[in-house]
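Position one of the sequence shown corresponds to residue 17 (my numbering), numbered consecutively onward.
Have a look at the structure below, then the notes.
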Amino acid sequence: MPEVSVIIPVHNTEALLDRTLGSLVRQTLRDIEILCVDDGSTDGSLGVLQAWAQKDPRIRVIAFPQNRGVAAARNAGFAESRGDYVYYLDSDDWIDDDHLAAMHAKALETGQDVVVNANYVQAFEDPAKDATSGNFGFIEGDGFYPAPQVQTFFPPVIWARLYKRAYLQRIGIAFPDVKGGAEDIYYAGLAELLQPRSYVFRGPFHHYWQREGSLFHQKTNGFHYIQSFKLLHDELLRRGVPTEEIRLFYAGPMILDTQEKFDFVRAFLLDIEAQVRRHTELYVAHDLFLLDAVCGSSDYADFLSRHNPNIALAFIRSRMKSMQRNG
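This is the structure:
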């Protein structure tokens, strides 16, 4: 049984796979397996994966005949994995050589089911633009933090966490079929919040590739974030986990360009509005603008009469008008 299973969903990232897989085969923690799930790629990704698998027996390839989405790919990888711990990596990212060794050591040292490494770099084609993660307003040093605090203030990204397999199996978790990269919100959030605390440390770096066309840069992601947050909220309630002091949404790069999207977002925000207003310290001005704009509209036509469907643009315009009035 390997110490860590690394699960990588792959879809049309042929040009980036050598960098990603190279960072994994160089890991100082040698007892790992690398499960690459090709999600119906139409470029040469599958061939690159197969070539790497021939060079390193720790690499295994699962190939979908057609595209099924990142959630299905990760779930398939988990089903085939055998490691004591599970680590999810995107196919365009890479990690420092001692990254997995550090996370694994912290997991063994603390006995925690979820270990969070808060160090990452947003990496660009122009290295001068690279940005290193900060302290997120609550990380005072390596140590234990309440799980709701971690979920609220640290991005719910799947690649910043190492999970104990037995814990994931015990809670019966799977990635939901939500578009736009929002599946992390549910998975990381639920795994975090079904335990009282998480261990957070600053270790070797994860390099988070910022490329045009990636899921992160799609301007409609905000709606999918809301979908995932609603799934998380409903599942927490089903399991009897209090949600009173948990951040339950963020606006993100949202465009409410259809009646269906507006109705979905409005129904959820109305459901949680009272709770959000009791804990506005968990949210930023952009989030609260969305709450006011959507919950304060009687229907979609009323919303459109007062706001641009691009929430970021509507927020900026409202700020400019406020400055003009006060200025």
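By construction, the Cβ of each residue, glycine as well, lies at the ideal position given by its N, Cα and C atoms.
Asked: Please name the residue or residues paired with Tyr136 in a DSSP beta bridge.; Found: His222
Asked: Would you kindly check if the distance between the Cβ of Asp303 and the Cβ of Phe265 is under 8 Å?; Found: yes
Asked: To the nearest angstrom, report how far apart His27 and Tyr103 are at their CA atoms.; Found: 18 Å
Asked: Please list, in chain order, all residues of the same chain as Arg181 whose beta carbon is under 7 Å from its beta carbon, the five residues on each side excluded.; Found: Gly99, Asp100, Tyr101 and Val102
Asked: Are the beta-carbon atoms belonging to Leu51 and Arg76 less than 8 Å from one another?; Found: yes
Asked: Taking the alpha-carbon of Lys71 as reference, which of Pro81, Asp34 and Arg294 has the nearest alpha-carbon?; Found: Asp34
Asked: Measuring alpha carbon to alpha carbon, tell me which of Asp113, Val20 and Ala290 ends up nearest Phe94.; Found: Val20
Asked: Assuming Glu260 is part of the beta strand (DSSP E), what are its boundary residues?; Found: Neither: Glu260 is in no beta strand (DSSP E) and is coded neither H nor E.
Asked: Mind checking who Ile23 pairs with in its DSSP beta bridge?; Found: Leu51 and Tyr104
Asked: Looking only at its own chain, which residues have a Cβ that is under 8 Å from the Cβ of His120, when we skip the five neighbours before and after it?; Found: Glu19, Val20, Leu45, Tyr101 and Leu178
Asked: Use the C-beta contact count for Gln165: other C-beta atoms within 10 angstroms, 16 or more gives buried, fewer gives exposed.; Found: buried
Asked: Would you say the stretch 144-152 touches the stretch 183-195, given that touching needs at least three Cβ pairs under 8 Å?; Found: no
Asked: For Tyr179, which residues does DSSP report across the bridge?; Found: Val102 and Val130
Asked: Given a threshold of 16 other Cβ atoms within 10 Å of its Cβ, counted over all protein chains shown, does Glu156 qualify as buried or as exposed?; Found: exposed
Asked: When DSSP labels each residue in this structure, what does Ala92 get in the three-state scheme?; Found: helix
Asked: Does Val300 come out as helix, strand or coil in the three-state DSSP assignment?; Found: coil
Asked: Got a sec? Which residues, its chain only, sit under 6 Å from Val64 by beta carbon, not counting five neighbours each side?; Found: Glu30 and Leu33
Asked: List the endpoints of the continuous beta strand (DSSP E) containing Pro164.; Found: Careful: Pro164 lies outside any beta strand (DSSP E), inside the alpha helix (DSSP H) at Ala163 to Phe169.
Asked: Between the stretch 206-215 and the stretch 263-281, do at least 3 Cβ pairs fall closer than 8 Å?; Found: no
Asked: Please name the residue in Gln243, Asp106 and Gln185 whose C-alpha comes closest to that of Arg90.; Found: Asp106
Asked: Would you decide whether Gly229 is buried or exposed? Buried here means 16 or more other CB atoms lie within 10 Å of its CB.; Found: The pLDDT assigned to Gly229 is 48, lower than 50, so where the model puts this residue is not dependable; a value taken from the coordinates is nonetheless given after this. It is exposed - the Cβ of Gly229 has fewer than 16 other Cβ atoms within 10 Å.
Asked: With a threshold of 7 Å on Cβ separation, who are the neighbours of Ala92 within its own chain once the five nearest residues in sequence on each side are excluded?; Found: Val53 and Ile78
Asked: Report buried or exposed for Ser338, applying the criterion of at least 16 other Cβ atoms within 10 angstroms of its Cβ.; Found: exposed
Asked: Does the beta-carbon of Ser97 have 16 or more other beta-carbons within 10 angstroms, so that it is buried, or is it exposed?; Found: buried
Asked: Report yes if the C-beta distance between Val281 and Phe239 is below 8 Å; otherwise report no.; Found: yes
Asked: Just how far apart, CA to CA, sit His233 and Phe140?; Found: Residue placement at His233 cannot be trusted, given a pLDDT of 46 that sits under 50; the coordinates are not used to answer.
Asked: Verify whether the separation of the beta carbon atoms of Arg218 and Asn135 is less than 8 Å.; Found: yes
Asked: How would you write the range of the alpha helix (DSSP H) that Ile78 sits in, first residue to last?; Found: Where Ile78 is concerned, there is no enclosing alpha helix (DSSP H), although the beta strand (DSSP E) it sits in stretches over Ile75 to Phe80.
Asked: Whose C-beta lies closer than 8 Å to the C-beta of Pro81 among residues of the same chain, with five residues either side of it excluded?; Found: Gly56
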